[in-house]
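In the UniProt record's numbering, the protein residues as written are 1 to 468. Where is the CB? At the ideal position from N, CA and C, for every residue including glycine.
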Ligand SMILES: Nc1ncnc2c1ncn2[C@@H]1O[C@H](COP(=O)(O)OP(=O)(O)O)[C@@H](O)[C@H]1O
Ligand SMILES: [Mg+2]
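Following this line, the structure appears as structure tokens:
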């Protein structure tokens, strides 16, 4: 297994748990903000209480007010277990009449007889929360006021905020843990069929091409499994075909080889030079036939789709190539008493093809026409351009017509018509068909127009239309 792609399970977990954790962080921040607000609200109120207590100790004194706070009263008001408390009293005239003058003035002056204001500040290097209010220090509606500021360090507030947050967070953390466990188990359970599928395939033997059981895989994976099954089916057919072909080929080779062996044994026993020579001549014919069979087998392997031998396509003139190839057959045709003719020459017929392979195709067709047509017969090689501009090549003879029922089968490997006595392997037309496929060409076999003989025609793909 390649490790470049992370496993699906890890990927799913990351995508599910990542956002969940991000949500938890956001939620924690929000909870902290809310709980500090609550904590501040509660403690600001008690600072206001203290301010109201403190103002009771402010007395009128001639020109202005005066703070009269006994140490005992101060201890009761300002001493706290957890935090340090400070006060500052300022008269309406702006004079500090008591407490710690370092407490910063409020950012906005609280309205006289209005609501108190609370704000964060720093005092003697400590972070503090301050509440400021204008409070009357005499009875009656017209009483003058003083500005009372009460400052307190933050220990209690922070502790309360944390306490609130902890109480709120515990169930949420638990929820996230449970969700994580549920997601993990869910993903594992969901992916279990895939792991099972992997194990099933890994356990198979290399010759077992039976389809994979697709009934237990999830719907998303089913098309993949179907495709793999389809591929295995094709692979199975190809393997079958190949092993049958090897068996056939071995069988085809066995007969001539045993024949040669017998002939050699006979020749070895021959003492008379003339008869020995005769035996050797016969041996030569046998070896020649065998060599042709081996050549045809090689040609078949070389032209198989996907064969290692690269196809070398080039632009060439079919008319010229067909004429050249036909000329090479003239002596052979004469020997068979066959009149070999060529029709064409209507100008160049350019096609894209592998010249060697195309020559092999034409050779096989002319060979058949010459070999199987009657003595004194006529074989015509013709090239022309069809109506759609595509190039066509045909080889016609006037020998016995191939029965309609056999017209497909003669293109199969090793298939020969019953009663064909001439030498041959049954591979020629299979090679022709392979080469045509390599060129995207189509082969037709028709009875000759006059009802006598056969015409094999090869239709090349039409040239690409010039762009408008
Ligand atoms: N032009 C033809 N006329 C008559 N029969 C033919 C012709 N071409 C092919 N055949 C028949 O088709 C068979 C298969 O041909 P081919 O594949 O070339 O194999 P081979 O020539 O080695 O027998 C031949 O054995 C022959 O019976
Ligand atoms: Mg042949």
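Euclidean distance between Cα positions of residue i and residue j
i: residue 260; j: residue 287; result: 7 Å
i: residue 176; j: residue 81; result: 38 Å
i: residue 454; j: residue 280; result: 38 Å
i: residue 59; j: residue 65; result: 6 Å
i: residue 44; j: residue 110; result: 15 Å
i: residue 30; j: residue 163; result: 15 Å
i: residue 299; j: residue 465; result: 33 Å
i: residue 433; j: residue 315; result: 21 Å
i: residue 457; j: residue 400; result: 17 Å
i: residue 431; j: residue 186; result: 58 Å
i: residue 27; j: residue 20; result: 10 Å
i: residue 4; j: residue 367; result: Confidence in residue 4 is poor, its pLDDT being 49 and thus under 50, which makes the residue's placement unreliable; the coordinate value appears in the next sentence. Using only the alpha carbons, I get a separation of about 56 Å.
i: residue 98; j: residue 170; result: 46 Å
i: residue 42; j: residue 87; result: 19 Å
i: residue 103; j: residue 180; result: 50 Å
i: residue 365; j: residue 427; result: 12 Å
i: residue 476; j: residue 295; result: In the structure as shown, the chain begins at 1 and stops at 468. Residue 476 is therefore absent and cannot be evaluated.
i: residue 198; j: residue 184; result: 20 Å
i: residue 460; j: residue 241; result: 28 Å
i: residue 359; j: residue 201; result: 46 Å
i: residue 447; j: residue 270; result: 50 Å
i: residue 22; j: residue 38; result: 25 Å
i: residue 451; j: residue 248; result: 35 Å
i: residue 350; j: residue 318; result: 6 Å
i: residue 380; j: residue 390; result: 20 Å
i: residue 231; j: residue 188; result: 29 Å
i: residue 262; j: residue 253; result: 15 Å
i: residue 396; j: residue 304; result: 26 Å
i: residue 332; j: residue 376; result: 13 Å
Where residue i sits in the DSSP three-state scheme
i: residue 95; result: coil
i: residue 188; result: helix
i: residue 227; result: helix
i: residue 482; result: Here the chain has residues from 1 to 468 only, and residue 482 is not among them.
i: residue 389; result: coil
i: residue 362; result: helix
i: residue 342; result: strand
i: residue 408; result: coil
i: residue 402; result: coil
i: residue 201; result: helix
i: residue 465; result: coil
i: residue 79; result: strand
i: residue 90; result: strand
i: residue 261; result: helix
i: residue 438; result: helix
i: residue 270; result: coil
i: residue 158; result: helix
i: residue 326; result: helix
i: residue 108; result: coil
i: residue 332; result: helix
Bridge partner(s) assigned by DSSP for residue i
i: residue 120; result: 129
i: residue 58; result: 67
i: residue 351; result: 316
i: residue 134; result: 147
i: residue 245; result: Note: residue 245 sits in no beta bridge, so no partner.
i: residue 378; result: 339
i: residue 173; result: Its beta-bridge partners do not exist; DSSP assigns none.
i: residue 85; result: 152
i: residue 396; result: 380, 455
Opening and closing residue of the beta strand (DSSP E) in which residue i lies
i: residue 150; result: 145-153
i: residue 459; result: 454-459
i: residue 317; result: 314-317
i: residue 442; result: 442-447
Proximity test, residue i beta-carbon vs ligand 3 heavy atom, cut-off 8 Å
i: residue 397; result: Although ligand 3 was asked about, the structure shown includes only ligand 1 and ligand 2 as ligands.
Terminal residues of the alpha helix (DSSP H) in which residue i lies
i: residue 21; result: 8-55
i: residue 427; result: Careful: residue 427 lies outside any alpha helix (DSSP H) and carries neither H nor E.
i: residue 219; result: Premise fails: residue 219 is in no alpha helix (DSSP H) and is neither H nor E.
i: residue 288; result: 273-302
CB contact below 9 Å: residue i versus chain D
i: residue 388; result: The structure shown contains no chain D; it holds only a single protein chain.
Original post:
Are three or more beta carbon pairs between the segment 47-62 and the segment 127-146 nearer than 8 Å?
Top reply: Counting Cβ pairs under 8 Å, three or more are found: they touch.
Subject >> Segment contact flag, the segment 113-131 with the segment 142-161, C-beta cutoff 8 Å, min 3 pairs >> reply: The way I'd put it, the segment 113-131 does touch the segment 142-161; three or more beta-carbon pairs between them come closer than 8 Å.
Original post:
Touch check for the segment 205-214 and the segment 227-242: three-plus C-beta pairs under 8 Å?
Top reply: Per the Cβ contact rule, the segment 205-214 is in contact with the segment 227-242 (3 or more Cβ pairs under 8 Å).
Original post:
Using 8 Å as the threshold, is the segment 309-324 in touch with the segment 367-376, meaning 3 or more CB pairs across them?
Top reply: The segment 309-324 makes no contact with the segment 367-376; the number of CB pairs closer than 8 Å stays below 3.
Original post:
Taking one C-beta from the segment 337-351 and one from the segment 412-421 each time, how about it: are there three or more such pairs within less than 8 Å?
Top reply: Touching, no, given that fewer than three Cβ pairs across the two stretches are closer than 8 Å.
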